[in-house]
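Heads up, the thing below is written out as C-alpha cells.
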Amino acid sequence: RIIFFTKPLNQLFGSSCVADIIVFIIQFSTMKMGNCLCMCLLRYIEHREKLMKGGGERAIYQHTQRKKKFLVRERLHMLLDDEDYLELCPFAGLGLPYGDVPSASSVAGIGKINGLWCVFIANDATVKAGLTFPISVTKTLRAQEVAIKNRLPCVYLVDNSGVFLPLQSGLFSDKNHAGRFFYNEAVMSAMKIPQLAVVCGTCIAGGAYAMVMVEEAVIVQRIGTVALAGPPLVKAATGEEVSPEDLGGAKLHTEVSGCIDYFASVESEAYQCSRNIITTFNFELPEESITEVEGPLYSAEELMGLAPKSYNYSLDIRLVDRLTDGSRLQEFKARYGTTLLTGFARVEGHQVGIVANNGELTYEASLKGSHFVQLCDQRDIPLIFLQNTHFGFHIGFKPIWKFFGSMMSTVACASTPKITIVVGGCHGSDSYAMVSRRNNACIWLEEESSAFFSSGRIWDDGVILPQDTRKVYQETKSTALLAFTFVPVKNTNF
C-alpha cells in the first residue's frame with residue numbers, strides 16, 4: 001500500500017491560509033529500502049522517465065530533425081548557470097480526464113542566470129504540438145505567482161501553437177484562466193520585476209500579446225514567429241498566401257514592426273543574448289550570509305522506510321530529527337497540546353520554526369500553534385509546517401472550533417515565509433490551519449489520495465523523495481528568504 005509524504009510548496013491558490021513558498025509532495029514506501037525497489041519508488045521513476053520524454057520519440061524527432069529546434073531542457077541548459085535548478089510542478093498534467101499532458105506542456109522553475117535567481121517558464125512543443133491546455137494555464141499562473149510573491153525576474157521561452165480549442169471553456173472564462181497571464185505581466189511590470197521573453201518557436205494568438213507586454217524580447221530567425229493567426233487562417237480569411245517568416249518572422253518584428261528588441265540568427269545566440277540582457281537588469285537581491293552547515297545526526301535515507309502501513313495510523317512526526325541540523329530541536333510547550341509539535345531548529349544553517357502534527361489538532365494544540373506562529377512572526381523566523389493530519393473531522397463538545405479558527409487566522413495573517421511539507425495524511429479541516437493550498441479536504445479514495453493524483457492537478461508543486469527534503473528546502477529558502485529581506489515587511493495585525 002502506498003503512503004505519501006508530501007509538502008505543499010506553496011504556496012498559495014485557494015484559501016487565505018496558504019504557504020509563501022512552494023508546496024512539494026514527497027512520496028515514499030511502506031517497505032524497507034533494503035529490499036528491491038518498492039512499488040512507489042518504481043512509480044516515481046516511471047513517471048519521471050515519461051516526463052523527460054516529453055511528447056514521445058516521434059514528436060522529438062520532428063522537433064529536432066525536421067524543425068531544427070533544441071529540446072526544452074537543452075534550451076534551459078544554455079540559459080541557466082547550471083542544471084541545479086528547482087523545477088515546479090513537473091508532474092502536472094498526469095492522469096487528467098482529457099488525457100495525459102506531460103508536465104502540462106511546459107517546464108517551469110527557479111534557477112540562476114548570471115548569478116541572479118529567476119523564474120523561468122519554457123514551452124515544450126513536443127507535447128501535443130505545443131498546445132495550451134487548462135492545466136498548462138494553471139502551471140504558468142503558478143510560476144508567475146512564485147515570481148510575484150518572491151519578487152524574482154521572470155523569463156519566458158515561447159514555443160507555443162495556441163490553445164486546445166475543444167477545452168476553451170476552461171481556458172478563457174474565469175479569473176484564473178488565460179487572461180490572468182496578461183494581468184500578472186502588467187502587475188509584475190508595475191512592481192518593477194523584470195521580464196524577458198525569447199521567441200524560439202511559434203507564438204500565436206494570445207501569446208503574441210504576451211511577448212509585447214514584457215520589457216525586452218529576443219527572437220530567433222526562421223524558427224521564431226509572432227502573429228495573431230498563422231498562414232492557414234490568413235488564407236482562409238483573406239485568400240492571401242503568406243509564409244510564416246513574412247507574416248511574423250524575426251526580420252519583420254525587429255526591422256519593421258519593432259515589437260521585438262533583439263535578433264538572433266541561431267538559438268544558441270538567443271540564449272547568450274538573454275544572459276547578457278539579464279546583467280543589465282540592475283536588479284539585485286540581498287546576498288545570503290554563508291554559514292557552516294551541520295548535517296543531521298540520523299540519516300535522511302531512513303525516511304524511505306518510516307511510513308506506517310495504514311492510513312488509520314499517523315506517522316511519528318519526531319522523524320524531524322532527520323531534517324534538522326545536528327538533529328536538534330528546541331521544543332516549545334513540549335508538555336502542552338502534545339498532538340502538535342512546535343519548536344525552533346536550524347535547517348541548512350537557517351533558523352526556522354517547525355509546526356508539525358502528531359495526531360488530531362485539539363483545542364490545546366490549536367492554542368499552542370497560534371502562540372508559536374505569532375512568536376515566529378514577531379521574530380521574523382520562517383515557518384516549516386509538517387502536515388500529518390488526523391484521519392477524520394472534529395466531533396464532540398470541546399470548544400475546538402473557536403481555537404481552531406484562531407490558529408487559522410494567525411497563520412493566514414503571519415507575514416513570515418511559510419513552507420508546507422505533507423509528511424503523512426492531509427485530511428479534514430486540520431489541513432487548513434497547517435497552510436494548505438486547498439479550499440476543501442483531500443478526497444479519501446485510494447487513487448485520489450495518492451501524491452501523483454494531486455500533483456497532476458497542481459495541488460502542489462511536485463513530487464520529491466523524502467531524503468531530498470533538505471536540498472529542496474535549501475533551494476526554496478534561497479528565493480523566499482531573500483525576497484523576505486528584499487521587501488519591507490509590514491507589521492502583522494492578528
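Quick note: the sequence shown uses UniProt numbering, first residue 1, plus one each step. Heads up, the beta-carbon is just placed ideally off N, CA and C, and yes, glycines get one too.
For the alpha helix (DSSP H) containing residue i, name the first residue and the last one.
i	result
K139	134-150
V320	It is not in any alpha helix (DSSP H) - V320 carries neither H nor E in the DSSP assignment.
C154	Not the alpha helix (DSSP H): C154 falls in the beta strand (DSSP E), residues 154-160.
A365	363-378
V101	Per DSSP, V101 belongs to no alpha helix (DSSP H) and is neither H nor E.
A451	451-456
A190	179-190
L76	72-79
G248	244-248
Tell whether a beta-carbon distance below 8 Å holds between residue i and residue j.
i	j	result
A92	V119	no
S274	V218	yes
G326	E294	yes
L247	T279	no
C259	Q195	no
K67	S106	no
I60	G54	yes
I135	L88	no
A227	A210	no
S415	S366	no
P382	V355	no
T362	V347	no
A186	V137	no
R75	A122	yes
I204	G230	yes
Step through the CB atoms of chain B and report whether any lies within less than 8 Å of the CB of residue i.
i	result
H371	Absence of chain B from the displayed structure is noted, only one protein chain being present.
Have a look at the DSSP bridge pairing and note the partners of residue i.
i	result
H63	Partner(s): none; H63 has no beta bridge.
N357	L340
E216	L196
C426	Answer is none; C426 lacks a bridge partner.
T126	In the DSSP output, where bridge partners are listed per residue, T126 has none listed.
E331	G343
T238	DSSP lists no partner for T238.
A270	None; A270 has no bridge partner.
V435	DSSP, once it has assigned bridges, lists no residue as partnering V435.
I277	In DSSP, I277 forms no bridge with anything.
H350	V347
Helix, strand or coil for residue i, going by three-state DSSP, please let me know.
i	result
G337	coil
V256	helix
F385	strand
V18	Confidence at V18 is low in this model, with a pLDDT of 42, below 50, so the placement of that residue should be treated as unreliable; the coordinate-derived value is given next. Coil.
Q221	coil
L165	helix
L196	strand
L445	Because L445 sits at a pLDDT of 33, beneath the cut-off of 50, its placement in the model cannot be relied upon, and the following sentence gives the value as read from the coordinates. DSSP places L445 in coil when its eight states are reduced to three.
A345	strand
Q474	helix
E294	coil
L303	helix
A229	coil
G207	helix
L116	strand
G326	helix
G201	strand
T30	Any reading at T30 is ruled out, since the residue's pLDDT is 39, under 50, leaving its predicted position unreliable.
Check for me: the beta strand (DSSP E) holding residue i runs from which residue to which?
i	result
D468	Note, D468: premise wrong, no beta strand (DSSP E); not H, not E.
R106	The sequence shown places Ser at residue 106, rather than the Arg named in the question. Per DSSP, S106 belongs to the beta strand (DSSP E) from 106-113.
E87	86-88
K418	418-422
F403	Element bounds for F403: not the beta strand (DSSP E) but the alpha helix (DSSP H), 400-413.
F263	262-264
Is it a yes or a no for the region 121-136 touching the region 159-173, going by three-plus beta-carbon pairs under 8 Å? yes
Any contact between the region 418-435 and the region 381-390? By contact I mean 3 or more CB pairs, one from each, below 8 Å. yes
Take every Cβ of the region 70-84, pair it with every Cβ of the region 139-154, and state whether three or more of those distances are shorter than 8 Å. no
Pairing CB atoms from the region 295-304 with CB atoms from the region 332-339, are three or more of them under 8 Å? no
For the pair the region 81-89 and the region 103-117, tell me if three or more CB-CB distances fall below 8 Å. yes
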